[in-house]
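The structure appears right after this line, and notes come after that.
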Amino acid sequence: MPWLSLTPTITLSNNDGCNICFKPGYITYDIGIKMGTPIFQADALVKRYGIEVFSCNFPLIADMSLRVKSILGRFFINIEDYSIDEIFCEIDAPLDQVMEMCREVRRVIGKGLGLPISIGVAHTKTLAKVATSFAKKHPGYEGVCAINTDEQRKIALSLTSIGDIWGIGKEHKKKLNRRKIITALDWLNKMTSATARKTMGGVVAQRTYCELEGLSCLELDMLLKKKKSIMVSRSFGENITDPNLIAEALSSYVVMLTAKLRKQKSKAQAIYVFLETNRFREQDEQADDEIVIKLPVASSSDIEIGYYARLAIKAMFREGLRYKKTGIRAMRLCGEEALQAHLMDKRDRKKEDRLMQAKDKINERWGANTVYPAAIGMGKRPWHIRQEKLPPYWSTRITDIPVVKDWPQNSTADVIGEIVPFIYMKPLPGIYPTVLRAV
DNA sequence: TCTGGGGTCCTAGGACCC
DNA sequence: TCTGGGGTCCTAGGACCC
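Counting from 29, one number per residue, gives the positions in the first sequence under this note's numbering.
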């Protein structure tokens with residue numbers, strides 16, 4: 029949404045709960061909206077500063093992420109797909125060539141996707157992340173910052189709070205702060221790598237320490253790995269007291285969970301199910317229960333796993349409690365082929381696998397939940413998450429795709445210096461102008 | 001009134017073996 | 001009174017990441 033570049037925005041967590049991404053826009057000082065602030069606590073600030081608030085649209089983010097990564101694939105061979113919005117690339121070339129290439133990457137992604145990206149260049153992954161934060165914070169770098177010399181490294185680390193280093197979380201930060209270690213450079217000056225390992229409980233901290241010294245300890249991880257556990261959980265849109273509705277909600281998470289299992293060709297040997305009340309309502313009686321079930325035979329069928337998940341709910345549910353959240357984790361995953369059979373097993377597993385395959389095919393072709401088990405309920409359900417300010421699925425849903433209405437020959441459009449078509453976007457009442465100029 | 005949803009790795013310690 | 005030396009496997013819990 030390039031037209032919002034100067035508008036402060038908040039993107040909410042699932043269920044429209046907390047701020048998970050505040051973009052200041054025109055605001056140049058800290059107004060106190062932190063990661064994780066519940067949005068109802070920020071009502072006054074939202075009004076005062078004209079902050080636009082959005083529900084999160086993960087399919088949109090995931091799609092943009094794929095596009096960025098496919099462009100990066102044109103420039104780099106050795107790539108680690110680290111997270112939805114971060115990538116590590118390895119390159120062996122003189123610094124000026126690398127810098128030129130990075131600027132070109134940034135230009136191409138800016139032009140093609142309208143996304144501003146930041147690039148950090150350094151000799152270790154941890155230092156590259158430090159460099160990236162400088163590239164992002166200081167406009168002078170124009171999005172690309174390198175830490176190359178020892179002097180640059182020390183200056184950068186002296187300006188970086190120890191807690192902002194990748195691998196130093198809030199516990200380590202507290203511990204180090206108590207020893208008067210405030211910046212990353214303090215850490216290097218006041219400890220050795222051996223004492224870092226000793227006082228911070230292991231080899232992980234020691235690796236981070238060495239990486240900051242410029243000694244690479246974290247290799248580029250280019251393999252696409254299967255997940256070792258997969259979890260699906262959601263808070264409910266409202267408090268739920270009916271066990272059948274809880275079972276419905278959990279069944280729908282099971283459908284998502286088993287689809288993820290089948291996608292990476294895994295089966296679960298065990299499941300973990302939990303059920304919680306709203307821990308913020310201190311006036312309510314609380315519950316936070318969990319059950320682990322070892323499955324008789326590893327499975328990725330929503331029929332079978334759904335059955336055991338509902339058993340777990342039945343066992344945990346207590347009359348009169350106001351439940352807020354449930355979820356399921358698939359554990360002890362194994363490959364689809366290496367199956368340990370069960371002597372007493374009566375299930376027709378081949379048939380069930382074929383059913384799941386057919387269902388996956390239909391849903392892939394015609395959209396998620398074209399066919400689904402009746403156990404997840406039909407139509408609007410009270411446990412559905414709230415998403416009241418959802419931006420359109422511009423790039424992943426056919427009805428939301430922007431329509432080109434006009435292509436002016438002598439446009440003065442200024443987005444990355446290119447001629448840009450006028451596009452009608454599906455308007456969200458009160459937020460978007462009818463005609464927008466966009467990339 | 002309203003408070004997110006995923007993951008990984010490492011270590012210590014228990015329980016067992018010879 | 002004195003009580004060895006070498007392993008493995010598993011799990012809970014801690015710490016970290018996005």
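Ideal Cβ placement from N, Cα and C applies to all residues, glycine included.
query: At a cut of 8 angstroms, does the stretch 131-139 reach the stretch 255-266 through at least three beta carbon pairs?; result: no
query: Should the stretch 40-48 be regarded as contacting the stretch 62-76, the criterion being three or more beta carbon pairs within less than 8 angstroms?; result: yes
query: Does the beta-carbon of Leu243 have 16 or more other beta-carbons within 10 angstroms, so that it is buried, or is it exposed?; result: exposed
query: State buried or exposed for Asn85, treating a residue as buried only when at least 16 other CB atoms are found within 10 Å of its CB.; result: buried
query: Could you name the residues that DSSP lists as bridge partners for Gly363?; result: Ser294
query: Under 7 angstroms Cβ to Cβ from Met250, same chain only, skipping five residues before and after it: list those, please.; result: Asn106, Ile107, Glu108
query: Going along the chain, which unbroken runs of the beta strand (DSSP E) with 3 or more residues stay wholly within the stretch 247-310?; result: 258-268, 294-305
query: Rounded to whole angstroms, what is the Cα-Cα separation between Ala318 and Gln292?; result: The residue asked about is misnamed: residue 318 is Glu in this sequence, not Ala. Whole-angstrom Cα-Cα distance: 26 angstroms.
query: Determine whether the beta carbon atoms of Ala174 and Ala150 lie at a separation below 8 angstroms.; result: yes
query: From Lys208 to His200, what does the alpha carbon distance come to, in whole angstroms?; result: 13 angstroms
query: For the alpha helix (DSSP H) that Lys51 lies in, which residues bound it at each end?; result: Looking at the DSSP string, Lys51 is not in any alpha helix (DSSP H); the run it does join, the beta strand (DSSP E), is 47-51.
query: Just to confirm, are Thr154 and Gly191 a CB contact at a threshold of 8 angstroms?; result: no
query: If you draw a straight line from the C-alpha of Arg350 to the C-alpha of Lys342, how long is it?; result: 15 angstroms
query: Within its chain, find whatever has a CB closer than 6 angstroms to the CB of Asp442; leave out the 5 residues flanking it on each side and keep chain order.; result: Per-residue confidence for Asp442 stands at a pLDDT of 43, beneath the threshold of 50, marking its modelled position as unreliable; the derived number appears in the next sentence. Within the same chain, Asp442 has no close Cβ partners at all.
query: What are the boundary residues of the alpha helix (DSSP H) that Tyr336 is part of?; result: 330-344
query: Can you give the Cα-Cα distance for Glu364 and Arg375, rounded to whole angstroms?; result: 16 angstroms
query: Are the beta-carbon atoms belonging to Thr3 and Gly60 less than 8 angstroms from one another?; result: This structure cannot speak to residue 3, because the chain is shown only from 29 to 467.
query: Kindly indicate which three-state DSSP category Ile79 falls into: helix, strand or coil?; result: coil
query: Using CA atoms only, rank isn't needed, just tell me which of Ile299, Asp58, Arg309 is closest to Val320.; result: Ile299
query: Mind listing, in chain order, the continuous alpha helix (DSSP H) runs of no fewer than 4 residues lying wholly within the stretch 200-249?; result: 212-218, 221-227, 231-241
query: Considering Cα atoms alone, identify which of Asp91, Ser146, Ser98 is closest to Gly168.; result: Ser146
query: Would you report the Cα separation of Glu471 and Phe50, rounded to the nearest angstrom?; result: The first residue shown for the chain is 29 and the last is 467, placing residue 471 beyond what the model contains.
query: Just how far apart, CA to CA, sit Thr440 and Thr424?; result: Low local confidence applies: a pLDDT of 48 at Thr440 is under 50, so the model's placement there is unreliable, with the coordinate-based value given in what follows. So the two alpha carbons sit approximately 29 angstroms from each other.
query: Taking all protein chains shown into account, decide if Thr160 is buried (16 or more other Cβ within 10 angstroms of its Cβ) or exposed.; result: buried
query: Within the same chain, show all residues whose beta-carbon is closer than 7 angstroms to that of Glu446, passing over the 5 residues directly before and after it, in chain order.; result: Interpretation of Glu446 is limited by its pLDDT of 37, a score under 50 that renders its predicted location unreliable; no figure is taken from the coordinates.
query: Okay, do the stretch 399-406 and the stretch 268-284 touch, 3+ Cβ pairs below 8 angstroms being the bar?; result: yes
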